[in-house]
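Chains A and B, in that order, are what the protein sequence lines are. Letter 115 of the first sequence, counting from 1, is numbered 115 in the working numbering, and no numbers are missing. Remember, the working numbering sits 204 above the position in the second sequence when you count from 1. Quick reminder that beta carbons are idealized off the backbone N, C-alpha and C, glycines included. Notes for the one structure printed next.
There are 2 protein chains.
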Amino acid sequence: MVEKPAPDATRRSEKSRRAIYDAALALVVEAGYRRTTIEGIAARAGVGKQTIYRWWSSKAEVLLDAFLDLGEQAAGQAGQQPYEIPDTGDLAADLKAVLRATVDELLDPRFDAPYRALAAEGVVNERLGREFVARLLLPALELYVRRLRAAQAAGAVRADVDPRVALELFVSPLAQRWLQHTGPISHAYTDTLVDYALYGIAPR
Amino acid sequence: MVEKPAPDATRRSEKSRRAIYDAALALVVEAGYRRTTIEGIAARAGVGKQTIYRWWSSKAEVLLDAFLDLGEQAAGQAGQQPYEIPDTGDLAADLKAVLRATVDELLDPRFDAPYRALAAEGVVNERLGREFVARLLLPALELYVRRLRAAQAAGAVRADVDPRVALELFVSPLAQRWLQHTGPISHAYTDTLVDYALYGIAPR
Numbered sequence: 001m002v003e004k005p006a007p008d009a010t011r012r013s014e015k016s017r018r019a020i021y022d023a024a025l026a027l028v029v030e031a032g033y034r035r036t037t038i039e040g041i042a043a044r045a046g047v048g049k050q051t052i053y054r055w056w057s058s059k060a061e062v063l064l065d066a067f068l069d070l071g072e073q074a075a076g077q078a079g080q081q082p083y084e085i086p087d088t089g090d091l092a093a094d095l096k097a098v099l100r101a102t103v104d105e106l107l108d109p110r111f112d113a114p115y116r117a118l119a120a121e122g123v124v125n126e127r128l129g130r131e132f133v134a135r136l137l138l139p140a141l142e143l144y145v146r147r148l149r150a151a152q153a154a155g156a157v158r159a160d161v162d163p164r165v166a167l168e169l170f171v172s173p174l175a176q177r178w179l180q181h182t183g184p185i186s187h188a189y190t191d192t193l194v195d196y197a198l199y200g201i202a203p204r
Numbered sequence: 205m206v207e208k209p210a211p212d213a214t215r216r217s218e219k220s221r222r223a224i225y226d227a228a229l230a231l232v233v234e235a236g237y238r239r240t241t242i243e244g245i246a247a248r249a250g251v252g253k254q255t256i257y258r259w260w261s262s263k264a265e266v267l268l269d270a271f272l273d274l275g276e277q278a279a280g281q282a283g284q285q286p287y288e289i290p291d292t293g294d295l296a297a298d299l300k301a302v303l304r305a306t307v308d309e310l311l312d313p314r315f316d317a318p319y320r321a322l323a324a325e326g327v328v329n330e331r332l333g334r335e336f337v338a339r340l341l342l343p344a345l346e347l348y349v350r351r352l353r354a355a356q357a358a359g360a361v362r363a364d365v366d367p368r369v370a371l372e373l374f375v376s377p378l379a380q381r382w383l384q385h386t387g388p389i390s391h392a393y394t395d396t397l398v399d400y401a402l403y404g405i406a407p408r
């Protein structure tokens, strides 16, 4: 891809923005969300506090943008932009693969610390929570909706099933175990969730 | 039940404890978790700060005990102590009934505010989170495990299903919608979750 040469000012502010994201994510991992401050982020990024306040109004907003950027970079490196859940024709296998990848991400401290901090802040701070959900969680859920609709078209999911509710059968248990420490998470666990969700727990 | 007459000191401290619980719950509902302080609870309860610190080390601990007590009182008034999920022989109907009651509770501000505050604090404060889960969430999940085991014995759930995982198909989606505002909660919603979990979303 050919990039247009950026004017100096744009290049400088891109560099500052990147430094601020890196500093915010590093501080949350090392010191925790509560001990992360705008001042601390500015000092570590080598910018003035006013540079941060020009773009964001709180550390939660900085962290939300930094985390979204982290996800976009990871997806870009993996050549998955824009990302879709694979459709190999085997719904169970496709869902298991994407949930296994999610487990790996949730167990990676680089993702876990900022994601957990944002999720927690979102629970008590309703405005941030709704932004976190709208920008981060709902777009991810929409990918499952599209994959389940394709499965309905292929006859692998009943036509009367609401995909937006059905996806929660495997997504929400993983989210709750991770967020509330109600149980361990593993590939075997998410595989089981997919099997139960597709085939039900009652005898067939 | 015949109660032993309490010595004056015990009666006085029971009365203080009750006043502290009431004050803590009322403050969290009215002012929010962040603006609730030990000082504020003490003032409203008409006790000294040191009375609170004699029994608890933080406002989170006070609130956890107050909330557990609220649940016990509600269950006691409804004659449901010790509580079990009903077994009418119709698993779907029994699960739908208990989840509908849970929806009603989650939509009741008296429960919502303290429960949400504790859940949020538990996400970032791992020690409190584990105590919250151990004392409040896991005992509730255990009731579903027992009901699903009875269903397995009656042939209504496959023998190879792990009840501890299976219950998450309907409990976790409700928990996530409520906690993270990812969607509305209603009786129709939890009824649908139970149907999907029991019979699966793939054609039978």
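- Per DSSP, reduced to three states, the secondary structure at B:I256 is helical.
- Closest option to A:I38, judged by alpha-carbon separation, among A:T190, A:W56 and A:R12: A:W56.
- The region 169-181 of chain A makes contact with the region 376-383 of chain B: 3 or more CB pairs, one atom from each, lie closer than 8 Å.
- In the structure shown, A:I85 adopts coil according to DSSP, grouped into three states.
- Here B:T394 really is in contact with B:R304; their C-beta atoms are around 6 Å apart, less than 8 Å.
- Separation of the CB atoms of B:G404 and A:L198 is rounded to 5 Å, and the pair is thereby assigned contact status at 8 Å.
- For A:T102, the enclosing alpha helix (DSSP H) has its first and last residue at L91 to L106.
- By the Cβ-count criterion, B:K300 is buried, with 16 or more other Cβ atoms from all chains shown falling within 10 Å of its own Cβ.
- Of all C-beta pairs linking the region 213-227 of chain B to the region 243-251 of chain B, three or more are shorter than 8 Å, placing the two stretches in contact.
- Residue environment analysis places B:Q384 among the buried positions, since at least 16 neighbouring C-beta atoms fall within 10 angstroms of its C-beta.
- From the beta-carbon of A:T182, the residues of chain B found nearer than 8 Å are V337, L341, L342 and L345.
- Taking C-alpha positions only, A:S13 is separated from A:V161 by approximately 48 Å.
- Under a criterion of Cβ atoms nearer than 7 Å, no residue of chain A is adjacent to B:A230; the nearest Cβ is some 18 Å distant.
- Chain-order list of chain B residues neighbouring A:Y189: V369, by C-beta distance under 8 Å.
- Rounded to the nearest angstrom, the gap between the Cα atoms of A:V29 and B:A355 is 44 Å.
- Close CB contacts of A:V62 within its chain, under the 6 Å cut and outside five residues either way in sequence, are with A24 and W56 (chain order).
- Among the residues of chain A, those whose CB is under 8 Å from the CB of B:T396 are D162 and V165, following chain order.
- In this structure, DSSP gives B:A358 a state outside helix and strand, which the three-state scheme calls coil.
- In the three-state reduction of the DSSP assignment, B:A338 falls in the helix class, which pools H, G and I.
- With the criterion set as a beta carbon lying under 9 Å from some beta carbon of chain B, the region 94-106 of chain A has no members that meet it.
- B:P407 and A:A153 have their C-alpha atoms some 12 Å from each other.
- Residues of the region 212-238 of chain B with a C-beta less than 9 Å from any C-beta of chain A: G236, Y237 and R238, listed in chain order.
- Within the region 164-196 of chain A, no run of beta strand (DSSP E) at least 3 residues long lies entirely inside it.
- A straight-line Cα-Cα distance of about 29 Å links B:G387 and B:R331.
- Taking C-alpha positions only, B:G326 is separated from A:E105 by approximately 21 Å.
- Within chain B, the C-beta atoms nearer than 9 Å to that of A:V157 come from I405, A406 and P407, in chain order.
- With a threshold of 16 other beta carbon atoms within 10 Å, A:T88 falls short and is exposed.
- Not a single C-beta of chain B is nearer than 8 Å to the C-beta of A:P109.
- Under the three-state reduction of DSSP output, A:A159 falls in the coil class, being neither helix nor strand.
- A Cβ-Cβ separation of about 6 Å places A:L167 in contact with A:V145 under the 8 Å criterion.
- Contact with chain B is absent for A:P86, since none of that chain's Cβ atoms lies less than 8 Å from the residue's Cβ.
- Of all alpha-carbon atoms in B:E346, B:P313, B:A324 and B:Q254, the one lying nearest the alpha-carbon of B:E288 is that of B:E346.
- Distance from A:V165 to B:L352 at the Cβ level is roughly 21 Å; contact not present, criterion being Cβ atoms closer than 8 Å.
- Nearest CB-CB separation between B:R334 and chain A: below the 8 Å threshold.
- Chain B has no Cβ within less than 8 Å of the Cβ of A:L64.
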